[in-house]
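K.L.:
This structure is in structure tokens; I'll ask about it shortly.
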Amino acid sequence: GNSVTQMEGPVTLSEEAFLTINCTYTATGYPSLFWYVQYPGEGLQLLLKATKADDKGSNKGFEATYRKETTSFHLEKGSVQVSDSAVYFCALSGRTGGGNKLTFGTGTQLKVEL
Amino acid sequence: KAGVTQTPRYLIKTRGQQVTLSCSPISGHRSVSWYQQTPGQGLQFLFEYFSETQRNKGNFPGRFSGRQFSNSRSEMNVSTLELGDSALYLCASSLAAENIQYFGAGTRLSVL
């Protein structure tokens, strides 16, 4: 079945540091890949997506490239801010049986300090 | 455009009771999915409804059920509550033609 593996947290960075959160996946076919972010006490917000190999999703300074050869979708940001502190989830959608089921990684907590 | 609305935001129940959670999708969205989030198991898919039909189901016991109405609003029901059902329950909606899911703020259920 489908699965997503992302790096363990928490990750603690200083403001303006470079961020990488690793994500690899296992899936049949050609899944769509997503990064969602969850702020304390809230639901999930879509951060970015990619639907085919070599697509680059980007939003709010975050980027991730769909790498089929390494089955990866690593999240990067060049300069993090305190407001980026949240939990980040990598997910895939495999269109199982015609439906839209998301399979999530375990989440990576990011804490950005001044 | 209003987002996905879940009610209530918080619930406290005791073991053995049943509970119903509600989800109103984004206007025009016909697919509604439900997920359970716990510290131990993370985010797990419960089921998906499309045009009032369950289209996909996760690996949860029959105590977890759902339905969707003709206006695409959805409810999920948990019967005979157990302590382990304490979780954040998230609802997500999407258009029929794409698989981007938009999430509500969730209902936090505590079972005592």
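Going line by line, the protein sequences match chains A and B.
If you read the first sequence in the numbering used here, its first letter stands for residue -7, the second for the next number, and so on.
If you read the second sequence in the numbering used here, its first letter stands for residue 194, the second for the next number, and so on.
C-beta: ideal position from N, C-alpha, C; glycine also.
Do residue 209 (chain B) and residue 281 (chain B) have their C-beta atoms closer together than 8 Å?
P.N.:
At the C-beta level, residue 209 (chain B) and residue 281 (chain B) stay beyond 8 Å of one another.
K.L.:
Should residue 93 (chain A) be flagged as near chain B, meaning a C-beta pair shorter than 8 Å?
P.N.:
yes
K.L.:
Is residue 83 (chain A) closer than 8 Å to residue 26 (chain A) when the C-beta atoms are compared?
P.N.:
yes
K.L.:
Opposite residue 280 (chain B) in the DSSP bridges: which residues?
P.N.:
B:302
K.L.:
If we call anything under 8 Å between Cβ atoms a contact, is residue 265 (chain B) one with residue 201 (chain B)?
P.N.:
no
K.L.:
Please state the DSSP three-state secondary structure of residue 258 (chain B).
P.N.:
Residue 258 (chain B): strand per DSSP, three-state reduction.
K.L.:
Using a Cβ-Cβ distance cut-off of 8 Å, determine whether residue 60 (chain A) contacts chain B.
P.N.:
So, not an interface residue.
K.L.:
Helix, strand or coil, according to DSSP, for residue 72 (chain A) in the structure here?
P.N.:
coil
K.L.:
From this set, A:29, A:9, A:19 and A:10, which residue's C-alpha is nearest residue 99 (chain A)'s C-alpha?
P.N.:
A:29
K.L.:
Quick test of the definition: if touching needs 3 or more C-beta pairs under 8 Å, does the segment 51 to 58 of chain A touch the segment 31 to 43 of chain A?
P.N.:
yes
K.L.:
Going by DSSP in three states, residue 24 (chain A) sits in which element: helix, strand or coil?
P.N.:
Looking at residue 24 (chain A) - three-state DSSP - the assignment turns out to be strand.
K.L.:
With 16 as the cutoff for other CB atoms within 10 Å, does residue 13 (chain A) come out buried or exposed?
P.N.:
buried
K.L.:
Would you mind giving the Cβ-Cβ distance between residue 270 (chain B) and residue 259 (chain B), rounded to the nearest angstrom? I have them listed as a contact below 8 Å.
P.N.:
Contact between residue 270 (chain B) and residue 259 (chain B) holds: CB atoms are separated by about 7 Å, below the 8 Å threshold.
K.L.:
Using a beta-carbon distance cut-off of less than 9 Å, what residues from the segment 15 to 45 of chain A approach chain E?
P.N.:
In the structure shown, chain E cannot be found, because the protein chains are A and B.
K.L.:
Going by Cα to Cα distance, which pick from A:10, A:51, A:62 and A:35 is closest to residue -3 (chain A)?
P.N.:
A:62
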